[in-house]
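S.K.:
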Amino acid sequence: MKTINQVLTADGKHENWAPLIEVAAKEVFELMLSCELTVAATAEEPILDVTAMVGLAGQLSGVMSVRCNTKAAELMTSKMLGVAPDKVGPQVADALGEIANMVAGNFKNKISGLAEGCMLSPPTVIIGNDYNLHSMADSPAFEVSLLFEAMPILVSLQIAG
Amino acid sequence: MDCRSAQVLSPPADIFRSERKRTKPPKRSSGYRNEFKRVPIRALIVDDSSVMRKIVERSLRQAGIDVSDVFQAGDGAEALAILTANKVDLILCDINMPVMDGLEFIQQLPGVENAKGIPVVMITTEGSEARVVQALSCGARGYIRKPFTPEQVKEHVVPVLAGKS
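Top to bottom, those sequences are chains A and B.
Using the numbering used here, the first residue of the first sequence is number 1, and each one after it goes up by one.
Using the numbering used here, the first residue of the second sequence is number 1001, and each one after it goes up by one.
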């Protein structure tokens, strides 16, 4: 049986995935943070110094990541905890990890066969932007640029080849 | 046995008491009867994310469920330790957790005196139908998929509380 990765490589029928990632992210923010994400106009490269990542393994293998700046991460955390932004502390990583986890889970549940055949790893969160990420995958990455309270968020899915 | 039938509404139990003054027949909403006033419950929330535990607790309150005490555990083993010393009315539990996951936790519950008959509702990002069936067959009484709204929490938790005996 072919994995979804192999199917993707064979026929490239994954152009609908970016909209699914967008919907998955919007639903998470709407339901869990009570706020609406809007689509960002692609302009200059924003500085995104908080990165939350969740690995996918099984029928689809890859990494789903949610990136934003510190201010956005603190605001997300404050909305999730129901406290003022200046009251959030070390829970930022926990909150961003949960967001990435829910976006990845929500995304895979929207694709037939993936809910059963794909597992999620525990989230990993990187604070800071002084790093280079080298992916060994040769498949395309799907990226969706969104705005959260006028601050940029980048949601991406890098599929392992 | 199809354990999913456990989610069907059962008659309200002793956690609700009747308000006799009401004259009109009440409407049914989300599977429980409005003429019954709630008595505060004690809940145990099990999730490896402290942020998610906070969200679940807030959602319970936003759902109109009167919660007097909330116990929190970061994994199944911590939850079992809490249950050896405390009685609760409801357990809300994630599946994917370190040390002891949610499925193993609910399998251990029959051996804990304080946990006997206490309903467990799973709250997880896991969307696999096989995992849902597995959780229900292990004894879970309901299943809520993340992300969720307080209304969805109410929809799943209130019937489970009402059916608790």
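All C-beta atoms, glycine included, are put in the ideal place defined by N, C-alpha and C.
Quick one: which unbroken beta strand (DSSP E) runs of 3-plus residues sit fully inside the segment 1101-1153 of chain B? Chain order, please.
M.R.: Listed in chain order, the complete beta strand (DSSP E) runs (minimum 3 residues) inside the segment 1101-1153 of chain B are 1120-1124 and 1142-1145.
S.K.: In terms of residue numbering, what span does the alpha helix (DSSP H) encompassing L60/A cover?
M.R.: Translated into positions along the first sequence, residue 60/A becomes position 60. L60/A -> no alpha helix (DSSP H), and no H or E assigned at all.
S.K.: In or out: G128/A buried (at least 16 other Cβ within 10 Å) or exposed?
M.R.: The residue labelled residue 128/A in the question sits at position 128 within the first sequence. That one is exposed.
S.K.: Please list, in chain order, the chain A residues whose beta carbon lies closer than 9 Å to that of K1146/B.
M.R.: One-based indexing of the second sequence puts residue 1146/B at position 146. V28, L31, M32, E98, N101, M102, G105 and N106, listed in chain order.
S.K.: Report all residues from its chain with a CB closer than 8 Å to the CB of C1138/B; omit the five preceding and five following residues, and keep chain order.
M.R.: Sequence index remark: in the second sequence, residue 1138/B carries index 138 (1-based). Only L1103, I1106 and Q1107 meet the Cβ criterion.
S.K.: Which same chain residues, not among the five before or five after V63/A, have their C-beta less than 6 Å away from its C-beta?
M.R.: The residue you call residue 63/A lines up with position 63 of the first sequence. Excluding sequence neighbours, V63/A sits near M53, G55 and Q158.
S.K.: Return helix, strand or coil for E143/A, following the three-state DSSP convention.
M.R.: As a first step, residue 143/A must be located in the first sequence, where it is residue number 143. Strand.
S.K.: At a Cβ threshold of 8 Å, is A57/A touching chain B?
M.R.: Within the first sequence, residue 57/A is the residue found at index 57, counting from 1. Judged by the 8 Å Cβ criterion, A57/A is not in contact with chain B.
S.K.: Is there a Cβ from chain A that is less than 8 Å from the Cβ of S1068/B?
M.R.: Here the question's residue 1068/B lines up with position 68 in the second sequence. Judged by the 8 Å Cβ criterion, S1068/B is not in contact with chain A.
S.K.: On a Cα-Cα basis, can you pick out the residue from V1070/B, E1078/B and M1122/B that is closest to D1094/B?
M.R.: Looking up residue 1094/B in the second sequence gives position 94. Of V1070/B, E1078/B and M1122/B, the residue nearest in Cα terms is M1122/B.
S.K.: Only counting the same chain, and skipping five residues up and downstream in sequence, which positions put a Cβ closer than 8 Å to that of D49/A?
M.R.: To locate residue 49/A, count along the first sequence from 1; it is residue 49. Same-chain partners within the cutoff: N69, T70, I127, G128 and N129.
S.K.: At a CB distance below 7 Å, what residues from the segment 1044-1077 of chain B approach chain A? Give them in sequence order.
M.R.: Correct list: S1049, S1050, V1051, M1052, K1054, I1055 and R1058.
S.K.: Under the rule that 16 or more other beta-carbon atoms within 10 Å means buried, what is H1156/B, buried or exposed?
M.R.: On the second sequence, position 156 is the one that residue 1156/B refers to. Buried, because 16 or more other Cβ atoms sit within 10 Å of the Cβ of H1156/B.
S.K.: Say whether the segment 1107-1120 of chain B touches the segment 83-103 of chain A, bearing in mind that this needs 3 or more beta-carbon pairs closer than 8 Å, one atom from each stretch.
M.R.: With a cut-off of 8 Å, the segment 83-103 of chain A and the segment 1107-1120 of chain B do not count as touching, because too few Cβ pairs lie within range.
S.K.: Specify, as a first and last residue, the run of the alpha helix (DSSP H) that D94/A falls within.
M.R.: Translated into the one-based positions of the first sequence, residue 94/A becomes position 94. Q91 to K108 is the extent of the alpha helix (DSSP H) around D94/A.
S.K.: Quick check on M136/A: buried or exposed, where buried means 16 or more other Cβ atoms within 10 Å of its Cβ?
M.R.: Residue 136/A sits at position 136 when you count from the first residue of the first sequence. Result: exposed.
S.K.: Starting from the beta carbon of S1128/B, find every residue of chain A whose beta carbon is closer than 8 Å, and list them in chain order.
M.R.: On the second sequence, position 128 is the one that residue 1128/B refers to. In chain order: A115 and E116.
S.K.: Among E1129/B, D1101/B and G1117/B, which has the Cα closest to the Cα of G113/A?
M.R.: Along the first sequence, read from residue 1 onward, the residue named residue 113/A stands at position 113. Looking at the Cα atoms, E1129/B is the closest of the given residues.
S.K.: Using 8 Å for Cβ pairs, my map puts E1078/B next to V1070/B. What's the rounded Cβ distance?
M.R.: Here residue 1078/B corresponds to residue number 78 of the second sequence, with the count starting at 1. Here residue 1070/B corresponds to residue number 70 of the second sequence, with the count starting at 1. So it is not a contact: roughly 14 Å between Cβ atoms.
S.K.: Roughly how many angstroms separate the alpha carbons of S139/A and A160/A, rounded to a whole number?
M.R.: Here residue 139/A corresponds to residue number 139 of the first sequence, with the count starting at 1. Here residue 160/A corresponds to residue number 160 of the first sequence, with the count starting at 1. Distance between the alpha carbons of S139/A and A160/A is about 6 Å.
S.K.: For V28/A, which three-state DSSP category applies?
M.R.: The sequence position of residue 28/A within the first sequence is 28, counting from 1. V28/A: helix per DSSP, three-state reduction.
S.K.: So, does the CB of T1149/B fall closer than 8 Å to a CB anywhere in chain E?
M.R.: Among the chains of the structure shown, chain E does not appear; the protein chains present are A and B.
S.K.: Put I47/A into one of helix, strand or coil per three-state DSSP.
M.R.: To locate residue 47/A, count along the first sequence from 1; it is residue 47. Three-state DSSP puts I47/A in coil, outside helix and strand.
S.K.: I'd like the list of long-range same chain contacts for E30/A, defined as Cβ closer than 7 Å, with 5 residues on each side in sequence excluded.
M.R.: For this step, residue 30/A is matched to residue 30 along the first sequence. The residues are E36.
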